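Quick note, our numbering runs 421 ahead of the 1-based positions in the sequence shown.
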Amino acid sequence: MPLSKFMLSAARLTLDAVFKASEADIRVHGVENIPANHILFVVNHFTRMETAFLPYVIHKYTNQHSLSLADSSFFKGKLESILHKMGAVSTKDPQRDKILANALLTGKTNVIIFPEGQMIKDKKLVEKGKFLVYNTGIRRPPHTGAAKIAIQVEIYRQVIKKLYDKKRFEDIDMIKAVYDFNKEDMSSILTGSTYIVPVNITYYPIRARNNFIKKMVEKFTGETTGRVAEELEIEGTMLTKGVDIDINFGKALKMSDYVNRTSIIKNIFSCRQETCFGEIGDSDYINRLSIKVMQDYMDSIYRMTTVNHDHIFAYILANYPKNSISDYDFKNRASLALERVKKLKKYSLHSTLIKRNNIGSDVFHEKYDSFMEEAVKNNLVEIKGDKIIKNMGKFALLYNFHIVRKDNFIEVLKNEIEPLSELTTILRRIMFMTPWLVKIKIRDTFLKLDQKLFEEDYNKFYREGVSKPESVGEPFFLHNIFSTKGVILVHGYMAAPKEVKLLADKIYKAGYSVYGVRLRGHGTTPEDLSGRRWQDWNESVNRGYVVMKNSVSEFAIAGFSTGAGLALLQAVQKGPKLKALISISAPLRLQDIRASFTGAVSFFNTILKKFKIEKGKMEFVPNVPENPDINYSRNPINGTYELGKLMKHVESNLSKVTIPALIIQATGDPVVNPQSADEIFSKISSPIKELIKIKSDRHGIVRGKELKEVADEMIAFLDRVFSK
C-alpha cells in the first residue's frame, strides 16, 4: 500500500505544532518493549484523537510508519484517497487482510488495530470475569481479528521458511502472488518474526468543559448536541485545558511462541491437498488460538492502565456502601489507599501519585479538590458541611453510552480499573473498614512512612564524620494514651527533631501527646538540605498533622525558628481545625545581613549549573551552631533562600491567622531580629493572642537555661486554651 511521504511529513509537522500549542502532555513508557519490525500494535480506544496521534508517537520513537485499521464510514469522497495515503485501511476494504498481511510479513510498515472495535466511552471492560465491551446496544467480547491476522501471518512466514529450505520456489511464488511481495522482501520474511505489542492509553484528568475548539466548531456548524457535543467537550478540553496522556507499550507477544505449541505447520506439510492450507487457516483450531491470543493481549492492555488519583477517589466513592461519608473520613481512606497502592510494583502509576503529597485528614490537595469540584458540577454528590452526600439516583442510573464520559465520569473511572484485581481488592478492604479502624491504620501508616523517609534520606546522604547519629534526626511520637489533647512540635532550620525533644518531654509530662516532626533535608547532611524546597518542609508538617489528627481529639501546633514559620503557615492553611498556635523565634526578620544576599547567590548558582560551569559556584557557607551535636556546620545557600521564600509567603498571609496564638521571642536573639515577634503579633487576626519576651541573648531558647521558662509559658497557655 503506497504511502505519501509528503502527507505523512506534513501530518507530523502539524501534530508537532498542535501538541506544542496545546496543554496536552504525552508521556511514553516501555519503548524498550517494541521489537525492530513486523509489529501489530493493539490499542485500547477511548478518544478519536488517539487515532491521529498514536501513529505519530510510534514513528517518533521507532522511525517507522504504521497502517491503521479505521472505520469504513470515514472512507468517502476525496477523504478516502487522503486516508489511504496516510496509511488508513478501511474495515470493509476487500483487500484489507491482504494489505495488513503484506505489512506484517515484509516489515515495511507496522500495523495499528483497536481490537475493541469502537471507542469504549464507559470503560466497562470486564463483566463476570470476562472481557466484554459495548457495541450497538449489547456487550460482546473484543474482536479476535487482530489476533487471527497475526497468527495467520506467522503461519505463512513459517511455511515460506520451510518451502525455502526445501527449495520449493514455485510454491513460494504462488504465495507471493496472493500477498504481493517480491524477492527483495524475502530476507525480511525469512529472518523476521511476527509480534503483537499491547498498548494502553490513559488520560488524566477526564473533564467535560466548554472550550475553544467546541466554540470554533459551533461558530461554523451551529449548536452541537448529544454525542458530538460530548466528544468536543471531552477531547477539546483535553487539548485546551490540559491532560496527561500516558502511553504504555507492553511486552511483545511473539506469535511463533503460540504457533509452535501446535501441530499446524506439520499438518500443512503432511496434507497433500491443494486446499489444505486454506482449510487449516480458517479452522476452529485457529479460531480458538485467536481467542487465547486476544485474551492475552487484552489482559495486558487493561493491566497497563496508568492509575491516578481520580481512579482511587472514584472507586471508593462509587462503591462506598452508605450514601454519605465525612470529608475527613473519605480523605483518610483515599490517603491510606494511595500509600498502599504505591507498593504495588506491577501497576503503572501516574507521576503525581508517586509523589509523597498526602491527602490525609484536612490536608489540602489540588487533585482531591479538582475531583470533588467535578463530582459536584455533575450533580453526582452534594457537599453539606463536612459531609459528602452521594446522589444515589445518579449512581444507579443506566447511562447513555455515548455521553457517559460527560454525565458520570466517576463510573468511567471506576470501570477503568476493574481489571486491576489486586488494586480493587485493596480498595474494597479499605472501603468497608470502620472509621475508627481507618484512623488507626492511617496513623500507623504515616508514622511508618515518616520513619521510612528519614531512613532513606539518612542512608542516601550519609557521610562519615558529617552525619549525626540517627537518634538525632528521626521523628518521634510521645503518645499519651490517657489524653485526648496533643501538640505538633516543629524544629528549626539546619537542626533536627532532637532540638525540641527536651521541650517535648515537658509538654508530654503535662498531659499532652507530642509529635516531633522531621523536616525533609534535616537530620542528614547539608547536601540533602540544599536540594529541598520549603514546600517539602511544609509537607513534612502535613504528615505530622495526619498522625496527630488520627491520634487525639484536638491539638495545637508549635514551632521553633523555621518551625515557627511553618506553624504559622499551618495555622493559615488549617484554621480552626487547630486548637492553637505557638510561635517561638519565627525568622520574619534576620539579624545577619548576609541572608539578604542568598537569593541572588542561589540564582547565580542556578545559571552556572545550567551552563555546567562549576567555577564560581557558592553552595555552602560556614555555620557555627549553638548545638553542634544537632545542627549542621555548613549552611546551604539554597536552603537559606528557601527559608526566605517561606517567610515571605507567611508574612503575606499573617492576617489569615485567627486561632489562639502565643508568640515567644528572646530579647537579644543574635539570629532573628526580635522585632519579628512584634510584627507577627500585630499582623495576626487572632482574638486571643499573647506575646512573651524571654530575656536572653541566645537564639536556641528551646534548650538550655531558658527551656523551663519557655516550657512553663507554653504549657500554661495550652492549658488555658484547651480548658475552654
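C-beta atoms are modelled at their ideal positions from N, C-alpha and C, and glycine is treated no differently. A quick note: this is a predicted structure, and the numbers were derived from the prediction, not measured.
Nearest-angstrom Cα separation, counted from Leu-1139 out to Ser-982: Residue numbering aside, residue 982 sits at position 561 when the sequence shown is read from its first letter. Residue numbering aside, residue 1139 sits at position 718 when the sequence shown is read from its first letter. Using only the alpha carbons, I get a separation of about 19 Å.
Nearest-angstrom Cα distance between Asn-744 and Asp-790? Residue mapping note: residue 744 aligns to position 323 of the sequence shown, counting from 1. Residue mapping note: residue 790 aligns to position 369 of the sequence shown, counting from 1. Approximately 20 Å, taken between the alpha carbons.
Cβ contact check for the region 455-473 and the region 670-684: 3 or more pairs under 8 Å: yes
Expressed to the nearest angstrom, what Euclidean distance is found between the alpha-carbon atoms of Tyr-723 and Ser-842? Here residue 723 corresponds to residue number 302 of the sequence shown, with the count starting at 1. Here residue 842 corresponds to residue number 421 of the sequence shown, with the count starting at 1. Each residue's Cα considered, the two are about 11 Å apart.
Nearest-angstrom Cα separation, counted from Asp-748 out to Arg-1015: On the sequence shown, residue 1015 is found 594 positions in, with the first residue counted as 1. On the sequence shown, residue 748 is found 327 positions in, with the first residue counted as 1. For Arg-1015, the pLDDT reaches just 48, beneath the cut-off of 50, and the residue's location in the model is therefore unreliable, although a value from the coordinates is still provided. If I take the Cα positions, the gap works out to 46 Å.
When the Cα atoms are used, what is the spatial distance from Lys-752 to Val-859? Stepping through the sequence shown from its first residue, residue 752 is reached at position 331. Stepping through the sequence shown from its first residue, residue 859 is reached at position 438. Lys-752 and Val-859: Cα-Cα distance of roughly 10 Å.
C-alpha distance - Pro-423 paired with Leu-436, whole-angstrom precision: Here residue 423 refers to the residue found at position 2 when the sequence shown is read from its first residue. Here residue 436 refers to the residue found at position 15 when the sequence shown is read from its first residue. Roughly 22 Å separates the two Cα atoms.
So which of Val-908, Ala-1007, Met-1068, Val-887 has the shortest CA-CA distance to Leu-956? Counting from 1 along the sequence shown, the entry for residue 956 is found at position 535. In the sequence as presented, Leu is not what sits at residue 956; that position holds Gln. With distances taken between Cα atoms, Gln-956 lies closest to Met-1068.
So within the region 422-458, which uninterrupted beta strand (DSSP E) runs reach at least 3 residues, ignoring any that extend past its ends? 445-450
What does a CB cutoff of less than 6 Å around Ile-1122 pick up in its chain, not counting 5 residues either side in sequence? Residue numbering aside, residue 1122 sits at position 701 when the sequence shown is read from its first letter. Within the same chain, Ile-1122 has close Cβ partners Ala-1087, Ile-1115, Val-1131.
DSSP three-state call for Gly-550: helix, strand or coil? Here the question's residue 550 lines up with position 129 in the sequence shown. Three-state DSSP puts Gly-550 in coil, outside helix and strand.
Given this structure, state the Cα-to-Cα distance separating Asp-592 from Leu-584, to the nearest angstrom. In the sequence shown, the residue the question calls residue 592 occupies position 171. In the sequence shown, the residue the question calls residue 584 occupies position 163. Each residue's Cα considered, the two are about 7 Å apart.
Between Gly-980 and Ala-988, how many whole angstroms is the CB-CB distance? I'm expecting something under 8 Å. Taking the first residue of the sequence shown as position 1, residue 980 is located at position 559. Taking the first residue of the sequence shown as position 1, residue 988 is located at position 567. Yes, Gly-980 and Ala-988 are in contact; Cβ-Cβ is about 4 Å, under 8 Å.
Count the other C-beta atoms from every protein chain shown that fall within 10 angstroms of the C-beta of Glu-787, then say buried if there are 16 or more, exposed otherwise. By 1-based counting over the sequence shown, the position of residue 787 is 366. It counts as exposed.
Is the beta carbon of Phe-986 sitting closer than 7 Å to the one on Val-1078? Taking the sequence shown and counting its residues from 1, the one referred to as residue 986 is at position 565. Taking the sequence shown and counting its residues from 1, the one referred to as residue 1078 is at position 657. It should be noted that the sequence gives Gly, not Phe, for residue 986. Not a contact, by the Cβ cut-off of 7 Å.
What did DSSP end up calling Arg-939 once you bin it into helix, strand or coil? Here the question's residue 939 lines up with position 518 in the sequence shown. Arg-939: coil per DSSP, three-state reduction.
With a threshold of 8 Å, are at least 3 pairs of Cβ atoms found where one atom belongs to the region 560-567 and the other to the region 534-544? yes
Go through its chain and collect everything with a Cβ distance to Tyr-936's Cβ below 6 Å, but skip five positions before and after it. Here the question's residue 936 lines up with position 515 in the sequence shown. Closer than 6 Å at Cβ, skipping near neighbours: Phe-898, Ile-909, Gly-965, Val-968, Met-969.
Would the beta-carbon of Thr-615 fall within 7 Å of that of Val-574? The residue you call residue 615 lines up with position 194 of the sequence shown. The residue you call residue 574 lines up with position 153 of the sequence shown. For Thr-615 and Val-574, yes; Cβs fall inside 7 Å.
Per DSSP, what are the beta-bridge partners of Ala-979 in this structure? Along the sequence shown, one-based indexing puts residue 979 at 558. According to DSSP, Ala-979 bridges with Leu-910, Ile-1003.
Span of the beta strand (DSSP E), counted from its first residue to its last, around Thr-623: Within the sequence shown, the letter at position 202 stands for residue 623. From DSSP, the beta strand (DSSP E) with Thr-623 extends over 616-625.
Beta-carbon proximity list for Asn-1056, same chain, < 8 Å, skipping 5 on both sides: For the purposes of this step, residue 1056 is identified with residue 635 of the sequence shown, where counting begins at 1. By the criterion of a C-beta distance shorter than 8 Å, Asn-1056 is surrounded in its chain by Met-915, Pro-947, Phe-1041, Val-1042, Pro-1043, Asn-1044, once the five residues flanking it on both sides are discounted.
For Ser-1107 versus Ala-1137, is the C-beta spacing smaller than 7 Å? As a first step, residue 1107 is located in the sequence shown; it is residue number 686 there, counting from the start. As a first step, residue 1137 is located in the sequence shown; it is residue number 716 there, counting from the start. The answer is no: Cβ separation not under 7 Å.
Distance check for Thr-642 and Thr-846, CA to CA, integer angstroms please. Translated into the one-based positions of the sequence shown, residue 846 becomes position 425. Translated into the one-based positions of the sequence shown, residue 642 becomes position 221. Roughly 47 Å between the two C-alpha positions.
Helix, strand or coil for Ser-934, going by three-state DSSP, please let me know. Indexing the sequence shown from 1 puts residue 934 at position 513. Three-state result, Ser-934: strand.
If you compare alpha carbons, which of Ile-775, Ile-1003, Ile-1109, Glu-1127 is closest to Asp-1090? In the sequence shown, counting from the first residue as 1, residue 1090 sits at position 669. Here the closest residue by C-alpha is Glu-1127.
Report the residue ranges of all beta strand (DSSP E) runs contained in full by the region 505-582; include only those spanning at least 3 residues, in chain order. 509-511, 531-534, 554-556, 559-561
Nearest neighbour of Val-449, chosen from Ser-1103, Gly-886, Gly-671 [CA to CA]: Stepping through the sequence shown from its first residue, residue 449 is reached at position 28. Of Ser-1103, Gly-886, Gly-671, the residue nearest in Cα terms is Gly-671.
With H, G and I counted as helix, E and B as strand and the rest as coil, what does DSSP make of Lys-998? Along the sequence shown, one-based indexing puts residue 998 at 577. Helix at Lys-998.
Rounded separation between Lys-582 and Thr-468 - CA only: Locating residue 582 in the sequence shown gives position 161, counting from the first residue. Locating residue 468 in the sequence shown gives position 47, counting from the first residue. Each residue's Cα considered, the two are about 40 Å apart.
Starting from Ser-747 and walking both ways along the beta strand (DSSP E), at which residues does that stretch end? Position 326 of the sequence shown, counting from 1, holds the residue named residue 747. Note, Ser-747: beta strand (DSSP E), 745-747.
Could you tell me which of Gln-994, Ala-796, Leu-710 sits nearest to Ala-571, measuring between CA atoms? Mapped onto the sequence shown, residue 571 falls at position 150. Selected option, being the one with the closest Cα: Leu-710.
Among Glu-1100, Met-719, His-466, Asn-901, which one has its Cα closest to the Cα of Lys-551? Within the sequence shown, residue 551 is the residue found at index 130, counting from 1. Lys-551 has its Cα closest to that of Met-719, out of Glu-1100, Met-719, His-466, Asn-901.
Let me know the secondary structure DSSP gives Glu-644 once reduced to three states. Your numbering for residue 644 matches position 223 in the sequence shown. Here Glu-644 sits in coil by DSSP.
Return the first residue and the last residue of the beta strand (DSSP E) that Arg-1055 is part of. As a first step, residue 1055 must be located in the sequence shown, where it is residue number 634. 1055-1057 is the extent of the beta strand (DSSP E) around Arg-1055.
Could you spell out where the alpha helix (DSSP H) holding Asp-790 opens and where it closes? The residue given as residue 790 occupies position 369 in the sequence shown. From DSSP, the alpha helix (DSSP H) with Asp-790 extends over 787-798.
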